[in-house]
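Quick notes on the structure that follows.
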Amino acid sequence: MRKNLYLQQTFKNVMAAISVDSREARSNPKIVEGLKANGLEVSVKALPVDYVVEVEDGWAVERKTCIDFAKSIRDGRLWGELEKLKSIEGLKPVLLVEGSLAVVEKFTSWAPQSIVGVLNSVMFDWNVHVVFVPSVKWTVTYLTQLAKSAEIEERKPHPLRVKQKAESPREYALMVVEGLPGISAVRARALLRHFKTLRNLFNASVERLMEVEGVGRKTAEKIYEVANLEYED
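For the sequence shown, this note's numbering gives the first residue as 41, with consecutive numbering after it.
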């Protein structure tokens, strides 16, 4: 009882935040209104998924009604959407299914085994959490709890970074450099322009790394540390 009272008091004293994709916000204004009514700071912007709690170890959420879930399986959209969901680095992917799967069974010719098979694939092959809620009201409650639990645990803000598919050796090289600590896409290009190859970059001293515009000593030391780390399991 005391723990529940503490959580309620904490919810009242913090301004939790959640980001909503602009298309999702236009299609489902009641959800946005509900999140705001629950005390959340809602940011509407273009996102690769429907909802994001942008904190370290936060969540990326794709919301689907049961009917849309069935349609996305039929037309193949689901797999591309799961790929986008997992492309956001550092955030746990969640597929939020709203409504009853009995509706899918009623309005399609699919057997329950087929539907469950798809869900198992989402969870075990794609490693995406699947959460079922019965209504929009529960969707608002679920998203609110995600955002507010992040604030209670005082997690650090997480820069939203989408991992793009690499199609060429050049893009793979950029992805490798962007994965280094403190390196943005702009700095990655600057480093590769300066050193020409990944080999040259990883063999560079701290002082040489600092020759690149925007790379200070602290960042250079981190890159040097990663490049010269003796890996052990």
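All residues carry an ideal CB built from backbone N, CA and C; glycine is no exception.
On a predicted model such as this, the values are computed, not experimentally measured, just so you know.
Alpha carbon to alpha carbon, how far is residue j from residue i? Give it in angstroms, no decimals.
i	j	result
H234	L214	13 Å
H256	R114	Strictly speaking, residue 256 in this sequence is Gly, with His absent from that position. Their backbone Cα atoms lie some 51 Å apart in a straight line.
N240	I58	41 Å
Y182	L249	46 Å
I223	R210	17 Å
V246	N160	48 Å
W166	L122	8 Å
A86	E145	33 Å
G130	A244	28 Å
A151	R117	20 Å
L231	E261	14 Å
V168	N78	27 Å
A56	K188	5 Å
S140	A110	12 Å
Q153	V89	28 Å
Looking at the unbroken beta strand (DSSP E) that takes in residue i, where does it start and where does it end?
i	result
Y91	91-93
E272	Taken as a continuous stretch (DSSP letters only), E272 belongs to no beta strand (DSSP E), as it is neither H nor E.
S83	81-85
Tell me the residue span of the alpha helix (DSSP H) that contains residue i.
i	result
T237	Premise fails: T237 is in no alpha helix (DSSP H) and is neither H nor E.
S67	62-67
V252	Run containing V252: none; DSSP gives neither H nor E here.
E218	209-218
Would you say residue i reaches chain D, if we count a Cβ-Cβ gap shorter than 9 Å as a contact?
i	result
K262	The chain inventory of the structure shown lacks chain D, comprising one protein chain alone.
Have a look at the options and flag the residue whose alpha-carbon is nearest the alpha-carbon of residue i.
i	options	result
F172	A260, V60, K104	K104
E280	V252, D165, T179, N268	Here the chain covers residues 41 to 273 and nothing more, so residue 280 does not appear.
I128	V101, D108, S154	V101
T259	K236, V217, Y271	V217
I107	V95, T148, S83	T148
V75	V170, I155, L136, V176	As written in the sequence, residue 75 is Leu, which differs from the Val given in the question. Measuring from the Cα of L75, the nearest candidate turns out to be V176.
My guess is that residue i and residue j are in contact by the Cβ rule of under 8 Å, so how many angstroms apart are they, rounded?
i	j	result
V84	S62	5 Å
At 3 residues or longer, what runs of the beta strand (DSSP E) sit wholly inside the stretch 135-194?
The stretch 135-194 contains these whole beta strand (DSSP E) runs: 169-173.
Report the start-end ranges of each alpha helix (DSSP H) in the stretch 93-139 that is 4 residues or longer and not cut off at the edges.
Unbroken alpha helix (DSSP H) stretches of 4 residues or longer found wholly inside the stretch 93-139: 106-114, 117-126, given in chain order.
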